[in-house]
Amino acid sequence: MAVRYQSLRGFSDLLPGETELWQAFETRARRALARYGFREIRPPHLEKTELFTRSVGEGTDIVGKEMFTFEVSGDSVSLRPELTAQVCRAYIEHGLDRRGLGRLYYVGPAFRKERPQKGRLRQFHQVGVEVFGESAPETDVEVIAVALETVAAAGVEQPRLLLNSIGDPESRTAYKRILVAALESVRAQLCADCRTRLERNPLRVLDCKVDHCRTLTADAPRIDEHLSDDARRHFDAVRAGLDRLGIAYQVDPRLVRGLDYYVHTTFEIQAEGLGSQNTVLGGGRYDGLVAQLGGRQVPGIGWAAGIERLLMAAGVDTAESREVLDLYLVTLGPRAREGALELAQKLRAEDLRVGWDTAGHGLGGQMKRAGRSGARYAVLVGDDELERGLVSVKDLSSGEQSEAPLEPGELAVWLRRRSEEQC
RNA sequence: GUGGGCGUAGCUCAGCGGUAGAGUCCCUGACUGUGGAUCAGGAUGUCGUGGGUUCAAAUCCCAUCGCCCACCCCA
């Protein structure tokens with residue numbers, strides 16, 4: 003382990019075995035997203051810092067202390083700590099509203115300078131969606147539905163959907179005042195963190211984990227009792243829609259998102275087995291954001307999920323035993339050995355994944371390598387086979403052996419037919 | 001950012017002042033007509049890094065880097 007260089011704290015390598023799991027997840031997730039009409043967008047990793055401070059919020063921890071920020075030609079730039087602001091920027095910049103591109107998704111890394119922990123890296127990966135220009139509650143329902151499908155695509159069992167409404171900006175501001183006033187009497191007894199939250203982001207006092215604080219705030223006024231009529235109607239319609247689709251959820255009046263731009267519907271999906279980082283997906287509506295960033299008054303809603311967390315929650319181990327080659331070529335005798343390079347190439351031209359022993363070990367050694375290579379079949383070529391125009395094909399998991407044509411095109415057909423028979 | 005645990009072979013880990021170990025993996029052979037078994041041989045480490053204490057440090061002390069866990073925050 004005395005390695006001269008190691009990756010930076012909180013930055014990690016994804017190795018073969020894991021990459022295949024990620025690819026499989028991404029393929030399933032993209033399919034699900036496509037079914038809802040989402041198209042992929044890939045914003046750059048670096049962006050002007052101001053975009054994030056404006057959108058995520060000056061007072062949030064993400065902006066306050068977790069961004070990787072530096073200077074480029076006199077501009078303050080940052081590695082993106084999340085993608086929503088960027089997608090909004092791109093939406094405005096390229097006039098995507100006029101091109102009918104209102105449903106967008108992304109897959110990629112984000113960066114936050116936090117202390118690493120299980121399910122929390124400094125470079126982590128998110129898959130997320132943004133919908134622009136749709137304000138109806140049905141949209142909220144669809145966005146939540148596709149969120150659940152994405153979580154399912156990772157193989158997470160028994161996800162828990164938590165739902166809340168934090169109202170429109172007016173009811174939210176009004177509620178904040180009511181909440182602060184109500185907690186004034188117990189202020190001194192709250193934990194230190196909650197006392198600062200009371201100043202900076204009072205809603206967050208409600209989801210403090212300290213038991214003592216929870217008891218103190220148990221009877222605090224609830225946001226769902228202070229929604230405007232519009233907000234109330236919207237939330238009821240979202241719930242009705244979820245009910246109609248048979249989607250189970252739990253209303254949690256204490257569910258508050260940490261980013262400033264959220265309004266109305268907020269939601270979160272939690273999974274078991276992740277310790278304290280059990281939130282696997284989070285999102286909500288952000289109707290004012292596009293306008294705030296200089297665009298027209300366009301409603302928006304979206305969510306983001308942590309891919310590392312999703313895969314961890316699904317509890318799939320690295321796919322070590324995965325089949326990575328279709329066949330391993332085993333040669334016997336100098337004639338077959340000489341033809342191996344060319345034969346392998348011809349088989350690859352038939353779109354087969356082929357391995358062979360370039361080092362030229364004996365039969366035993368080659369079979370050993372065939373077994374380890376993760377190939378489905380060992381294809382044996384010797385003098386005998388060459389003469390008869392045949393190869394011996396051994397199924398490496400069952401041990402069954404049979405003969406097949408030597409000619410690459412015919413062999414490819416033979417192997418495919420055989421694989422299908424067995425599936 | 002705060003608190004705690006841990007860094008020894010590619011991997012999992014034992015050793016905890018006195019010559020660096022096990023299992024596994026890897027390599028070679030038995031093996032030029034058959035791999036996963038068995039047998040025989042072999043390779044591998046600045047004991048995370050830097051400093052200190054000591055006749056002697058993987059072992060004790062300090063610092064530092066990284067990992068893990070909790071807080072915080074969030075996906």
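Take the first sequence: its letters are residues 3 to 425, numbered as in the numbering used here. Glycine included, every Cβ here is placed at the ideal spot set by N, Cα and C. Here the structure is a predicted model, which is why all the values come from computation and not from measurement.
For D328, the closest C-alpha among the options A338, A183, L413, R56 is that of L413. The DSSP assignment places 365-374, 385-390 as complete runs of the alpha helix (DSSP H) inside the stretch 343-392, in order along the chain (cut-off: 4 residues).
The straight-line gap separating the alpha-carbon atoms of S137 and P410 is approximately 58 Å. Short of 7 Å from the beta carbon of P204, and not among the five residues preceding or following it, lie these beta carbons of its own chain, in chain order: K178, L181, V182. Straight-line measurement puts the Cα of G130 at about 37 Å from the Cα of V356. Secondary structure at V282: strand, using DSSP grouped into helix, strand and coil. Distance from the CA of G19 to the CA of G376, rounded to the nearest whole angstrom, comes to 12 Å.
Going by C-alpha positions, L103 is about 8 Å away from F134. When DSSP states are grouped into helix, strand and coil, E270 belongs to the strand group.
Under the DSSP assignment, L106 falls in the beta strand (DSSP E) whose first and last residues are 105-113. The alpha-carbon of R197 is positioned some 15 Å away from that of T62. Taking C-beta atoms under 8 Å as the contact rule, F27 and L163 fail to qualify, at a distance of about 20 Å. Sixteen is the threshold: since fewer than 16 other Cβ atoms of the shown chains lie within 10 Å of the Cβ of P46, the residue is exposed.
Looking at the DSSP output, S80 shares a beta bridge with E49, T71. In this chain, the alpha helix (DSSP H) harbouring S421 covers 410-424. Considering only V415, Q294, D142, S278, the residue with the shortest C-alpha distance to G121 is S278. For P171, the enclosing alpha helix (DSSP H) has its first and last residue at 171-185.
One alpha carbon belongs to V212, the other to E186, and they sit about 18 Å apart. For R162, the enclosing beta strand (DSSP E) begins and ends at 162-167. The residues K120, G121, G275, L276, in chain order, have a CB closer than 8 Å to that of M314 in the same chain once the five nearest residues on each side in sequence are set aside.
Within the same chain, Cβ atoms closer than 6 Å to the Cβ of D359 are found at Q368, R371, the five residues on either side in sequence being excluded. Cβ-Cβ separation between E68 and R11: approximately 14 Å, too far for a contact (criterion under 8 Å). For S57, the three-state secondary structure derived from DSSP is helix.
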